[in-house]
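Novice: This is the structure I want to talk about, given as structure tokens.
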Amino acid sequence: EVAVWAGLDGDVSPGLAELAMRAYLFIAWPLLPTYVPLAVMLLEPPERARPRAAPFLVLGLIVSSYLAYVVLFNPVEVIRHPNGLEYATVVTHPMVWAVAYIVAVIGPPLLSGYRSIVAFGALNLIGLVTVAIFYAQAFASLWCIFAAVSSVLILIHMIRRRATPGADRLPGSPRTVPV
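All the letters of the sequence shown, read from the start, carry residue numbers 251 to 429 under our numbering.
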């Protein structure tokens, strides 16, 4: 997104700014609704992963398909706000897609059997609500920054899991296979 800001300031060519904007949106919009449920599903033990994550993965694939179409085939206007960028484009039934996106991205971490992944989901839900209330016009820009920073919890999870498999499991969760 830095290159998108640079494009608005005239510091990079319009072509590079357009490419940066499309790349950023492709990661933020169509990639994450599929990637997050898949990543959580792969973290969990197989007997737990499929029943919990599969509906979110299916929803994520549907959301990702639609948003990929939006990003690739519709004009997008970038609007500068004091604390972030707004990406304005044509989305049919935007609230339906927004809710589906949020469920696909926030649901799997909240249902994880790992404390650190649940904390990641909870922090992202708090960040989502905060950004939606105070910075709605620059929502995508600011929530992505918040989610990226909170991703340090996933790093902590992976370090702890490697050192002591199962140490981060919630009570009643199946045992894990060492990574």
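Cβ coordinates follow ideal geometry from the N, Cα and C atoms, glycine included.
What did DSSP end up calling H407 once you bin it into helix, strand or coil?
Specialist: Helix.
Novice: To the nearest angstrom, report how far apart E297 and N324 are at their CA atoms.
Specialist: One C-alpha to the other measures close to 41 angstroms.
Novice: When you compare only the Cα positions, how much space is there between E251 and Y274?
Specialist: Using only the alpha carbons, I get a separation of about 6 angstroms.
Novice: Measure the beta-carbon distance from S314 to P283 and round it to whole angstroms, keeping in mind my assumption that it falls under 8 angstroms.
Specialist: Confirmed, Cβ separation roughly 5 angstroms.
Novice: Would the region 284 to 303 count as touching the region 341 to 351 if we require 3 or more Cβ pairs under 8 angstroms?
Specialist: Too few Cβ pairs lie closer than 8 angstroms, so no.
Novice: Can you check DSSP and say which residues form a bridge with E297?
Specialist: Answer by DSSP bridge pairing: none, since E297 is not bridged.
Novice: On the DSSP letters alone, give me the boundaries of the beta strand (DSSP E) that E336 sits inside.
Specialist: E336 -> beta strand (DSSP E) spans 334 to 338.
Novice: Relative to the C-alpha of P287, which residue among Y364, L309, I277, E268 is closest?
Specialist: Closest option to P287, Cα to Cα, is L309.
Novice: Would H407 pass as a contact of S366 if the rule is Cβ separation under 7 angstroms?
Specialist: In this structure, S366 lies closer than 7 angstroms to H407 by Cβ.
Novice: Have a look at V328, W347, R302, V349 and flag the residue whose alpha-carbon is nearest the alpha-carbon of T339.
Specialist: Ranking the options by Cα distance to T339, first place goes to V328.
Novice: Quick one: Cα of V429 to Cα of T414, how far?
Specialist: For V429, the pLDDT reaches just 47, beneath the cut-off of 50, and the residue's location in the model is therefore unreliable, leaving the point undetermined.
Novice: Keeping to the same chain, check which residues put their C-beta closer than 6 angstroms to that of A299; ignore five residues upstream and five downstream.
Specialist: Excluding residues within five positions, the ones whose Cβ falls inside 6 angstroms are M291.
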